[in-house]
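*Asks:* Got a structure for you, written out below as C-alpha cells; questions coming shortly.
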Amino acid sequence: MDRHQSSPSQPAVRSPVTVVTVDDQEIFRRAARSLIEAAPGFVQIGEAASGAEALALVAELQPDLVLLDMRMPGVDGLETARRIALAESPAIVVLISLADEPLQPTAMASAGAAAYLRKQDLSVTTLDATWARVRAADQARSAR
Amino acid sequence: MESSAQLVRRPGVRDDRQSVVLVACGVVAVVATAVPAAIAAERPLAVAAARAAMVAVPVTVGVWIWLTRPERRFGLLLLTAGCGWLLTTLAESTDPTAYTVGRAAGWCVEPLLIYLFLAFPSGRLRTQADRVLVAAMVATVGLLFLPRLLIASSFDVPSPYTSCVRDCPPNALFALAEEPALLDGVLRPAGVAAVFVLMLAVSARLTTRYLRATSLGRRALTPVLAVAVARVSLLGVAVVGRAVDPTADVVAVAAWLLALAVPVIALAFLAGLLRWRLYAGRALERLAGCARTLTDAPTLSRAFADALEDPSIEVIFPSGGSDRRWVDAHGAPVTVPAADSGRCLSEVRERGRTIAAIVHDRALCADQTLLRGGVALAAMALENQRLVAATDVALREVSDSRARIAASAERERRRIERDLHDGAQQRLVALRIELGLAQRLAREDPQACAARLAALELAVDETLEELRALAHGVYPALLVEGGLEAALRAQTARFAIPVELRADAVGRYPAAVECAVYFCVVEALQNVLKHATGARRVVVSLAGADAATLRFSVRDDGHAGRAASGDGVGLRNMRDRLAAVGGDVRFRSDPFAGSELSGSVHVGEDRAERPQQGDDPLAA
Numbered sequence: 001m002d003r004h005q006s007s008p009s010q011p012a013v014r015s016p017v018t019v020v021t022v023d024d025q026e027i028f029r030r031a032a033r034s035l036i037e038a039a040p041g042f043v044q045i046g047e048a049a050s051g052a053e054a055l056a057l058v059a060e061l062q063p064d065l066v067l068l069d070m071r072m073p074g075v076d077g078l079e080t081a082r083r084i085a086l087a088e089s090p091a092i093v094v095l096i097s098l099a100d101e102p103l104q105p106t107a108m109a110s111a112g113a114a115a116y117l118r119k120q121d122l123s124v125t126t127l128d129a130t131w132a133r134v135r136a137a138d139q140a141r142s143a144r
Numbered sequence: 145m146e147s148s149a150q151l152v153r154r155p156g157v158r159d160d161r162q163s164v165v166l167v168a169c170g171v172v173a174v175v176a177t178a179v180p181a182a183i184a185a186e187r188p189l190a191v192a193a194a195r196a197a198m199v200a201v202p203v204t205v206g207v208w209i210w211l212t213r214p215e216r217r218f219g220l221l222l223l224t225a226g227c228g229w230l231l232t233t234l235a236e237s238t239d240p241t242a243y244t245v246g247r248a249a250g251w252c253v254e255p256l257l258i259y260l261f262l263a264f265p266s267g268r269l270r271t272q273a274d275r276v277l278v279a280a281m282v283a284t285v286g287l288l289f290l291p292r293l294l295i296a297s298s299f300d301v302p303s304p305y306t307s308c309v310r311d312c313p314p315n316a317l318f319a320l321a322e323e324p325a326l327l328d329g330v331l332r333p334a335g336v337a338a339v340f341v342l343m344l345a346v347s348a349r350l351t352t353r354y355l356r357a358t359s360l361g362r363r364a365l366t367p368v369l370a371v372a373v374a375r376v377s378l379l380g381v382a383v384v385g386r387a388v389d390p391t392a393d394v395v396a397v398a399a400w401l402l403a404l405a406v407p408v409i410a411l412a413f414l415a416g417l418l419r420w421r422l423y424a425g426r427a428l429e430r431l432a433g434c435a436r437t438l439t440d441a442p443t444l445s446r447a448f449a450d451a452l453e454d455p456s457i458e459v460i461f462p463s464g465g466s467d468r469r470w471v472d473a474h475g476a477p478v479t480v481p482a483a484d485s486g487r488c489l490s491e492v493r494e495r496g497r498t499i500a501a502i503v504h505d506r507a508l509c510a511d512q513t514l515l516r517g518g519v520a521l522a523a524m525a526l527e528n529q530r531l532v533a534a535t536d537v538a539l540r541e542v543s544d545s546r547a548r549i550a551a552s553a554e555r556e557r558r559r560i561e562r563d564l565h566d567g568a569q570q571r572l573v574a575l576r577i578e579l580g581l582a583q584r585l586a587r588e589d590p591q592a593c594a595a596r597l598a599a600l601e602l603a604v605d606e607t608l609e610e611l612r613a614l615a616h617g618v619y620p621a622l623l624v625e626g627g628l629e630a631a632l633r634a635q636t637a638r639f640a641i642p643v644e645l646r647a648d649a650v651g652r653y654p655a656a657v658e659c660a661v662y663f664c665v666v667e668a669l670q671n672v673l674k675h676a677t678g679a680r681r682v683v684v685s686l687a688g689a690d691a692a693t694l695r696f697s698v699r700d701d702g703h704a705g706r707a708a709s710g711d712g713v714g715l716r717n718m719r720d721r722l723a724a725v726g727g728d729v730r731f732r733s734d735p736f737a738g739s740e741l742s743g744s745v746h747v748g749e750d751r752a753e754r755p756q757q758g759d760d761p762l763a764a
C-alpha cells in the first residue's frame, strides 16, 4: 500500500498525497481522475460511487484526502463525512458540490470536513492550494 | 300561505266572476223553488223557505265546488242532486201530475245522495263495497219504488218532499181499477225493509271509513260523515215508522228533519272541503318550508310524516335493480302495500325516471292536488339533495385532481432539476476541469493538448444532445411548430415497436390541449412497452373531424398484464392532465385482443389555427 506518512520534521521527504474520490456521477469521477493524474504530488488510489462504498474504501485504503460529493442518493456527503470522522480516520475530507451557494462553515465543521470546494472551481491550482490550507490547519490542530 | 294557496287553487276563474255566478245560481234556485212552494196549504212561508234552502244551498255549494276545485266531479254531482231536489219541490203542488213528478224525483234523488256520501270528496266510488251499496240503492228505487207509479193509487205520506199529509193529490199515472195485491203484499214491506237495511249498511260503511281514516282524512270527513250517518239513520227510522203508523207525530217530525237535512248536508260538504283545503295548504306550506333544507332520505320521510300528520307515511326508493323492488330511507327492503290495504303508493318521477315513491294513506288519494304538490316537493327536495351530493363529489374530485396536478408539476420540476444536475451540469463541470487541464497541457505538450481538445469536442456534442433530449422531454419544439400530428409522427418514428399513426382532420388546438394529448399518447406508448407483453404493433389514432371534440386512441395487440388494470397512477395522471383541459380518458384491456387507451378533449370554439402564445404547457 502506498500509504503516505508525512512528518513535520522531515519536510523534504514528500511522498504523493493519496486521494479517494467519491461521487455518484461517472462523468465527474472521470474528470476528477484526469485532474489528480495531472496534479503533481497527488495520486488517486480509489474511487467510490456512494457513501457506503466510500466508508469501506476509506477504512481500507486510509487515504490522505477524500474528495467527497455532497449530493448522492442514499447516504449523502455530509453524513458520509460525519461517519468518516466518527471512525477516527486520519483522512482529511474536502466536500465538493455543484451548489450555487457555498456551504455554511458551521455545517461543514459539524460534519468534520476540512474544506468545501465548488466542483466548477476544481483545477490543479485550487486542489494544490486547498490541500496546503487544510494540511496546515490539520497540523496546527495536531500540534495543539 | 300565499304560495300554497296558489298550489291548491285552480287559476283561471276570478273571484268576482265566481261570486256573480254563485249569487245568480242561489237567486234562481230560491225563486224557482219558493214560488211554487208558497202555494202550500199550511204555513206557506215556512214551507217556501225550507224548500228554497233544500235547493239553493246544494246548488250554490255544488257550483262553487265545480268552479274552484280541481276535481269538479263532486261539484257537478252535487249540482245534479240540487236539480233533483228542485224537481221534488213539485210535490208541494196540488196538481196530480206535478205532485207525481215531485214524489218520483224524491225517490230518484236518494241513490244520488248515497253516492255523494260515499264518494266524498273525490266524486268517485273507490271501493267495491261502495259501488255495491249504490247499485243496491238504485235497484231498490228502480224495483220497489218506481213501479208504484203504475200500481199505487196514492203515495205514502208524510214525506220529506211534501208538506201535504192528508187529502193529497192522487198518483196521476195510476190507471188501474184498484191497487194490485203486489203493492201492499210485496212492494211496500220489501221497500221498507230494503231501505232500512241499506241505510244501516251505508251507516256502517261510513262509520268504518271514518274509523279507518287517518287524522288527515278525518278532517274532511268529520262534518260530512256526522250529517250523513244522522241522515241515513233518520231515513231508515222514518220509513219503518211510516209503515207502522203514518199518523204518528214522530214520523212527521222525521219527515221535516229529513227535508231540512238536505241544506245541512250541502253545508257539511262545504265545511269538509274547506277544512281539507286549509289543511292541504298548511301541509304543503310546511313541506315547502323544509324541502330546501332536507339533507337526507330519513329526514325527508319524517318531514312528510310531520307535514301530513300521518306517522305512517314513508318515502321509499327504487332499489336500482330491474325487478322494481323498493328500499326505505335506510336501505332496508320494503314491500309495496297491497291494493286493498288502505295504503297506496305515489311515484315521484324526475325527467321520466322514478326516483322515489310515497307510501301514504288512501285518503290522500282523494286530494290529487295535495298529493301532486307533495310529490313535486319531494322530487324537488330529492333533486336538490342529489345535486348537492353531486356537487360535493365534483368539488372533491376537482380539488383532488388539482392537488395531484400540483404534486405532479412539482415532481416534474424535481425530475428536470435532477436530470440537469446529474447530466448536463456534471458534463459541463467535467468539461471545465478538462479545459483547465488542456490549458496546462498547451504550455508543456501542444500536441497532446490538441488531441485532448478534440476529445472535448465530442464531450461538448454529448452535452448538447443531452440538453436537447431534456428540452424535448419538457416540451417538444415540434409540438409548437408543427402541431400534434407532426410531433407524434416524430415521436412514434423512434419507437421500439412499429407504430401506425392515423390522423384524420387534425388541425391546431390551444397549446394546453396539444400538450395534454401529446403527453398522454407518449405515456400510453411507454405503458405499451412496460405492460403489454408481445405487442408487435401499435396504432395511434387522432380524429379531429368533429369540430367540437378531438379524439385520440392508442391501441396495441399485446397481452396486458395486471399492471395495466386501468386504475394505476399513470392513468390517473393522464386523467388529471386531460381533465384540466376539459377532456377525459378511458382504458380498456382484453387479455386476448390487446389494450386500448382512448380519450377525448372538448375543443369547442377554442380550436385555433395557431397555438396561443403565452400558454404555459406545463400548467396542463
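Top line first, the protein sequences correspond to chains A and B.
When you line the first sequence up against my numbering, it's residues 1 to 144, in that order.
When you line the second sequence up against my numbering, it's residues 145 to 764, in that order.
The beta-carbon is built from N, C-alpha and C at its ideal position, and this holds for glycine as well.
(1) Could you check what DSSP says for residue 243 of chain B in three-state terms: helix, strand or coil?
(2) Taking the alpha-carbon positions, what's the residue 162 of chain B to residue 365 of chain B distance?
(3) Just the chain B side, please: which residues come within less than 8 Å of residue 83 of chain A by C-beta, in chain order?
(4) Check whether the Cβ of residue 122 of chain A lies closer than 9 Å to any Cβ atom in chain B.
(5) Going by the CB atoms, is the gap between residue 402 of chain B and residue 262 of chain B shorter than 9 Å?
(6) Does any residue of chain B bring its CB to less than 9 Å from the CB of residue 98 of chain A?
(7) Using 9 Å as the threshold, is the C-beta distance between residue 575 of chain B and residue 31 of chain A below it?
(8) With distances taken between CB atoms, is the gap from residue 313 of chain B to residue 390 of chain B smaller than 9 Å?
(9) Going straight from the alpha carbon of residue 199 of chain B to that of residue 282 of chain B, what length do you get?
(10) Under the DSSP definition of a beta bridge, which residues are partnered with residue 646 of chain B?
(11) Which residues in the same chain have their Cβ closer than 7 Å to the Cβ of residue 104 of chain A, if we skip the five residues on either side of it in sequence?
(12) Drop a sphere of 10 angstroms on the beta-carbon of residue 707 of chain B, count the other beta-carbons inside from all chains shown, and report buried for 16 or more, exposed for fewer.
(13) What are the uninterrupted segments assigned as beta strand (DSSP E) that are 3 or more residues long and contained completely in the region 22 to 89 of chain A, given in chain order?
(14) Could you tell me which chain A residues have their CB closer than 7 Å to the CB of residue 578 of chain B, listed as they occur along the chain?
(15) Can you give me the Cβ contacts of residue 110 of chain A inside the same chain, cut-off strictly under 6 Å, excluding the 5 residues immediately before and after it?
(16) Just list the beta strand (DSSP E) runs in the region 519 to 584 of chain B, keeping only unbroken ones of 3 residues or longer that don't cross its boundaries, in chain order.
(17) Between the C-alpha atoms of residue 300 of chain B and residue 396 of chain B, what's the straight-line distance to the nearest angstrom?
(18) List, in order along the chain, the chain B residues whose C-beta lies closer than 8 Å to that of residue 25 of chain A?
(19) Bridge partners of residue 357 of chain B, per DSSP?
(20) Can you name the residues that DSSP bridges to residue 505 of chain B?
(21) Since residue 581 of chain B meets chain A, which of its residues come closer than 7 Å, beta carbon to beta carbon?
(22) The beta strand (DSSP E) that contains residue 97 of chain A, what's its start and end?
(23) Going by DSSP in three states, residue 309 of chain B sits in which element: helix, strand or coil?
(24) Out of curiosity, what's the CA-to-CA distance linking residue 188 of chain B and residue 170 of chain B?
(25) Comparing the C-beta of residue 715 of chain B with each C-beta of chain A, is any distance below 9 Å?
(26) Just confirm the distance between the C-beta atoms of residue 331 of chain B and residue 288 of chain B, as a whole number of angstroms; I'd bet it's less than 8 Å.
(27) Taking the DSSP output, what are the residues bridged to residue 18 of chain A?
(28) When the distance is taken between beta carbons, is residue 485 of chain B closer than 9 Å to residue 519 of chain B?
(29) For residue 55 of chain A, which residues from the same chain have a beta carbon less than 6 Å from its beta carbon, with the 5 sequence-adjacent residues on both sides left out?
(30) Which residues in the same chain as residue 275 of chain B place their Cβ atom closer than 6 Å to its Cβ, once the five residues preceding and following it in sequence are excluded?
(31) Taking all protein chains shown into account, decide if residue 119 of chain A is buried (16 or more other Cβ within 10 angstroms of its Cβ) or exposed.
*Replies:* From the atom records:
(1) helix
(2) 25 Å
(3) None at all; the shortest Cβ gap to chain B is about 24 Å.
(4) yes
(5) no
(6) yes
(7) yes
(8) no
(9) 22 Å
(10) B:685
(11) none
(12) Confidence at residue 707 of chain B is low in this model, with a pLDDT of 49, below 50, so its placement is unreliable and the value that follows should be read with caution. Classification for residue 707 of chain B: exposed.
(13) 42 to 48, 65 to 69
(14) 31, 34
(15) none
(16) none
(17) 12 Å
(18) 566, 570
(19) Per DSSP, none; premise fails for residue 357 of chain B.
(20) B:487
(21) 34, 35, 38
(22) 92 to 97
(23) coil
(24) 20 Å
(25) no
(26) 5 Å
(27) A:43
(28) no
(29) 83
(30) 269
(31) buried
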